[in-house]
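Chains as they are written, first to last, in this note's numbering: chain E, -2 to 63; chain Z, 956 to 1448.
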Amino acid sequence: MKWVKLLAIVPFIGFLGGALWANKVTPFVLGLPFFTFWCSLWVVLSSVIMLIVYMFDPDNKEGDIK
Amino acid sequence: MNAAIFIILGSIILSFYLVIKAKKGKDMDLEQWTVGGRGFGTIFMFLLTAGEAFTITTFLGSSGQTYNNGGAALFIMCYGTLAYIISYFILPKIWRYAKENKLVSQSDFFVSKYKSPYLGVLTAIVGVISMIPYLIVQLNGLGIIVYQASYGLISPTLAMWIGTIVITIYVLISGIRGSAWTSVVKDFLLLFIVVFLGVYFPIHYYGGFGEMFQAIQTAKPGFLGLSETGQSPSWFITTVLISALGFYMWPHLFGATYSAENEKVFRKNAMIMPLYQLVLLFIFFIGAAAILQIPDLKGEETDLILLSLSTQTFDPWIVGLIGAAGIFAALVPGSMLLMTTSTLVAKNIYKVLKPQTSEKQISNLAKYLVPIIGAVSLFLSLQGGKTIIALIVMGYSFVTQLFPALLFSLMKNNFITKQGAFAGIAVGMITVTYITLTNTTVGKLFPFLPQSIKDFNVGIIALALNVIVLLVISLVTRNLSVQSKVVENKGVS
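In structure tokens, the structure reads:
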């Protein structure tokens, strides 16, 4: 399951690509300008993605190295 | 006397209590002092990282930036999140190596990996000249916030004096433990204040978030997105990327990671830390609320919008709480910066020049340096001036130059030589200095390029030159050393 780490690339695409295709003020989503909404969404998604990476990353299966 | 002053003074006393509590029963040798005996768990590390990263510059500066630049101000939230994702992969390796080799500073890492004390001196110099402006900005911010929150009763100069003395005493008493314990109070107080203000202002002044953003869009169409030129999408992309790489290269953030108790701490924090970045969204709301409420502010005044809007809206006791949150937001990073600077000077510069100095003497020297560096920073911050802002921008670019050499050193077969690393960092530094002093942009250097490339963050040039020199010098010195080994071998046989 080493490849699960590749998921970490997704937020980079989300944030950096977002500057290209989500850079607009309208439509408003949840009262936020679209670009603000987009960036906030990706902050939350980044956290979720890192949770998935953490769960499936074999490095975390081993006991704590003290 | 008003309620605000009592709350501000109370918060300073509280921070002293925490610092003394933190020290209890610990013998403060250099390892305890700088990295807390490497015993911090996930929650403590989370609070410390949040405490360090979320400074008074974020508190005052980000709201001002939203006011000035609109949507572009979101870049801080974005690069912070990406920096934590990068941290998942590099910090466990850094921590493990640091623990095995008993390292206490960032420069130690370079010394040990590249087996070159002089690379340590160079990286320590990079660190010191980047961190002192950062410390100065914290002190200035502290002066502003105390002056405003005390309704002018405590002058900025007096506030900066008190701030410096407090930071100095508290670094001396308990080192990183004091900073970590203060972070606990600071993070919660700041979270509460920022979320409260970020929700209250839009509702109070506009009737809701949607209404507020609609009003801004009507008054200034497109302001809440990125602009066509200048802070355009390509500026945003390059700035977010470079800042994300540079984030953990700040010596005080890098060094603080040594204090974790195990490497899982970082992987856990990489999923929690991004959520803390949402605090910046509320600061964005505060800045946005000010756009139409206190229009026409210019230059340095925009750093005051959070406080101006607060004093015109709330009773003194709430303003006092905001002031207290601001004080903590300066004290935690301030103390870490002061401690890290002293350690770098003592251990990675002085010790190399005078190798016969004992560990005990270095440990003492680091502590003697605390009040001296504090005094120098206080003196420089009382001079004030806009040059400091330029210096901190330069500092961020400086520390980013350490990233390539660091990244290569984490690889299993690092082919970068110490000469390559040294030359790469040096060239990067010179380029950053030249670019900053001459106010160069990519557009000025290459006027024939399309606008989207002209808007690239200029830091990318320094980083590119750094990597090229790093690779070329490494290949050359590697070949030379291979040749000389061949010659030696022939000589022997």
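Beta carbons are placed, not taken as given, at the ideal position from N, Cα and C, and that holds for glycine.
Taking 8 Å as the cut-off, decide whether the C-beta atoms of residue i and residue j are in contact.
| i | j | result |
| --- | --- | --- |
| E/Phe9 | Z/Leu1094 | no |
| Z/Leu1299 | Z/Pro1088 | no |
| Z/Thr989 | Z/Ile1084 | no |
| Z/Ser1407 | Z/Ser1187 | yes |
| Z/Phe1191 | Z/Thr1021 | no |
| Z/Val1354 | Z/Val1066 | no |
| Z/Thr1137 | Z/Ser970 | yes |
| Z/Ile1011 | Z/Leu1108 | no |
| Z/Gly1281 | Z/Phe1014 | yes |
| Z/Phe1283 | Z/Leu1144 | yes |
| Z/Leu1002 | Z/Ala1135 | yes |
| E/Phe32 | Z/Val1195 | no |
| Z/Thr1193 | Z/Ile1031 | no |
| E/Val22 | Z/Leu1233 | no |
| E/Val50 | E/Lys2 | yes |
| Z/Leu1293 | Z/Leu1090 | yes |
| Z/Ala958 | Z/Gly1210 | no |
Starting from the Cα of residue i, find the closest Cα among the options and give me that residue.
| i | options | result |
| --- | --- | --- |
| Z/Tyr1034 | Z/Thr1268, Z/Asn957, Z/Phe1334 and Z/Leu1230 | Z/Leu1230 |
| Z/Gly1016 | Z/Ala1028, Z/Ala1005, Z/Glu1007 and Z/Gly1006 | Z/Ala1028 |
| Z/Gln1061 | Z/His1159, Z/Ser1352, Z/Leu1108 and Z/Leu1208 | Z/Leu1208 |
| Z/Met1115 | Z/Lys1070, Z/Val1092 and Z/Val1126 | Z/Val1092 |
| Z/Gly1371 | Z/Lys1068, Z/Phe1001, Z/Asp1063 and Z/Arg1051 | As written in the sequence, residue 1371 of chain Z is Ile, which differs from the Gly given in the question. Nearest of Z/Lys1068, Z/Phe1001, Z/Asp1063 and Z/Arg1051 to Z/Ile1371, Cα basis: Z/Lys1068. |
| Z/Ile962 | Z/Asp1410, Z/Leu1292, Z/Gly1098 and Z/Ile1277 | Z/Ile1277 |
| Z/Met1366 | Z/Ile1109, Z/Thr1386 and Z/Tyr1052 | Z/Tyr1052 |
| Z/Ile1057 | Z/Gly1153, Z/Tyr1213 and Z/Leu1152 | Per the sequence shown, residue 1057 of chain Z should be read as Lys rather than Ile. The candidate whose alpha carbon is nearest that of Z/Lys1057 is Z/Tyr1213. |
| E/Asn20 | Z/Phe1178, Z/Leu1196 and Z/Asn1412 | Z/Phe1178 |
| Z/Val1325 | Z/Gly992, Z/Val1126, Z/Met1032 and Z/Phe999 | Z/Val1126 |
| Z/Leu984 | Z/Val1382, Z/Glu1256, Z/Thr1396 and Z/Ser1129 | Residue identity check: residue 984 of chain Z is Asp in the sequence provided, not Leu. Measuring from the Cα of Z/Asp984, the nearest candidate turns out to be Z/Ser1129. |
| Z/Phe1334 | Z/Phe1237, Z/Gln987 and Z/Leu1113 | Z/Leu1113 |
| Z/Ile1099 | Z/Ser1318, Z/Phe1156, Z/Ser1336 and Z/Glu1055 | Z/Ser1336 |
| Z/Leu1361 | Z/Gly991, Z/Trp1050 and Z/Ile1122 | Z/Trp1050 |
| Z/Ala1243 | Z/Val1274, Z/Leu1152, Z/Thr1266 and Z/Leu1293 | Z/Leu1152 |
| Z/Val1397 | Z/Thr1184, Z/Ser1364, Z/Val1059 and Z/Phe1164 | Z/Thr1184 |
| E/Pro24 | Z/Leu1430, Z/Leu1146, Z/Gly965 and Z/Gly1180 | Z/Gly1180 |
| Z/Ala1301 | Z/Thr1295, Z/Met1228, Z/Ile1317 and Z/Leu1292 | Z/Ile1317 |
| Z/Arg993 | Z/Pro1402, Z/Val1220, Z/Leu1264 and Z/Ala1079 | Z/Val1220 |
| Z/Ile1122 | Z/Lys1054, Z/Thr1386 and Z/Ile968 | Z/Ile968 |
| Z/Thr1078 | Z/Asn1024, Z/Asn1303 and Z/Ala1321 | Z/Asn1303 |
| Z/Gly1450 | Z/Tyr1161, Z/Ala1211, Z/Gly1275 and Z/Leu1430 | In the structure as shown, chain Z begins at 956 and stops at 1448. Residue 1450 of chain Z is therefore absent and cannot be evaluated. |
| Z/Ile1147 | Z/Pro1111, Z/Tyr1323 and Z/Ile1273 | Correcting the residue type first, residue 1147 of chain Z is Phe in the shown sequence and not Ile. Considering only alpha carbons, the answer is Z/Ile1273. |
| E/Ala5 | Z/Thr1119, Z/Ile1158, Z/Ile1040 and Z/Val1140 | Z/Ile1040 |
| Z/Thr1295 | Z/Val1139, Z/Lys1054 and Z/Leu1320 | Z/Leu1320 |
| Z/Ile1158 | Z/Pro1176, Z/Ile1197 and Z/Phe1237 | Z/Phe1237 |
| Z/Lys1306 | Z/Val1076, Z/Ile1045 and Z/Gln987 | Z/Val1076 |
| Z/Asn1434 | Z/Lys1399, Z/Gly1375 and Z/Phe1401 | Z/Gly1375 |
| E/Ala16 | Z/Gln987, Z/Gly1026 and Z/Phe1401 | Z/Gly1026 |
| Z/Gly1133 | Z/Met1086, Z/Tyr972, Z/Ile1045 and Z/Val1150 | Z/Tyr972 |
For my contact list, residue i and residue j are in at a C-beta cut-off of 8 Å; report their separation, rounded to the angstrom.
| i | j | result |
| --- | --- | --- |
| E/Phe34 | E/Leu27 | 6 Å |
| Z/Tyr1043 | Z/Ala1225 | 4 Å |
| Z/Glu1216 | Z/Gly996 | 6 Å |
| Z/Ser1018 | Z/Ile1241 | 5 Å |
| Z/Ser1189 | Z/Phe1411 | 6 Å |
| Z/Ala1417 | Z/Gln1356 | 6 Å |
| Z/Pro1405 | Z/Arg1222 | No, Z/Pro1405 and Z/Arg1222 are not in contact; Cβ-Cβ is about 41 Å, not under 8 Å. |
| E/Ser37 | E/Leu48 | With 8 Å as the limit, E/Ser37 and E/Leu48 do not qualify as a contact, their Cβ atoms being about 17 Å apart. |
| Z/Ile1171 | Z/Leu1247 | 6 Å |
| Z/Val1387 | Z/Met1349 | 6 Å |
Item to check | Contact the segment 1094 to 1105 of chain Z vs the segment 44 to 58 of chain E: 3+ CB pairs below 8 Å | outcome: no
Next on the checklist: Can you confirm whether the segment 1386 to 1396 of chain Z touches the segment 1323 to 1342 of chain Z when touching is taken to mean that 3 or more C-beta pairs between the two stretches lie within less than 8 Å?
Outcome noted: no
Checklist entry - When Cβ atoms are compared, which residues of the segment 1161 to 1185 of chain Z fall closer than 7 Å to chain E? => result Gly1163, Phe1164, Gly1165, Phe1168, Gln1172, Gly1177, Leu1179, Gly1180 and Leu1181
Item to check | Contact between the segment 1194 to 1206 of chain Z and the segment 1421 to 1435 of chain Z (3+ Cβ pairs under 8 Å) | outcome: no
Checklist entry - Is there contact here, the segment 999 to 1018 of chain Z with the segment 1285 to 1292 of chain Z, by at least three beta-carbon pairs under 8 Å? => result yes
Item to check | Contact list for the segment 1034 to 1051 of chain Z against chain E, Cβ threshold 9 Å | outcome: Tyr1034, Gly1035, Thr1036, Leu1037, Tyr1039, Ile1040, Ile1041, Tyr1043, Phe1044, Pro1047 and Arg1051
Checklist entry - Between the segment 1063 to 1078 of chain Z and the segment 1255 to 1273 of chain Z, do at least 3 Cβ pairs fall closer than 8 Å? => result no
Item to check | Interface residues of the segment 1187 to 1212 of chain Z facing chain E [CB-CB below 7 Å] | outcome: Pro1188, Phe1191, Ile1192, Val1195 and Leu1196
Checklist entry - For the segment 1013 to 1031 of chain Z, which residues have a beta carbon sitting closer than 8 Å to at least one beta carbon of chain E? => result Gly1026 and Leu1029
Next on the checklist: Between the segment 967 to 978 of chain Z and the segment 1303 to 1310 of chain Z, can you find at least three pairs of beta-carbon atoms closer than 8 Å?
Outcome noted: no
Checklist entry - What residues from the segment 0 to 22 of chain E come within 7 Å of chain Z, judged by C-beta to C-beta, listed N to C? => result Ala5, Pro8, Phe9, Phe12, Leu13, Ala16, Leu17, Asn20, Lys21 and Val22
Checklist entry - Residues in the segment 1397 to 1414 of chain Z with C-beta within 8 Å of chain E's C-beta atoms, listed in sequence order? => result none
Item to check | Interface residues of the segment 972 to 1000 of chain Z facing chain E [CB-CB below 7 Å] | outcome: none
Checklist entry - Any residues in the segment 1412 to 1434 of chain Z with a beta carbon nearer than 9 Å to a beta carbon of chain E? Which ones, in chain order? => result none
Checklist entry - Taking any Cβ of chain E, which residues in the segment 1234 to 1247 of chain Z have a Cβ under 8 Å from it, in chain order? => result Leu1236 and Phe1239
Checklist entry - Taking Cβ-Cβ distances below 7 Å as the criterion, which residues of the segment 1248 to 1259 of chain Z are in contact with chain E? => result none
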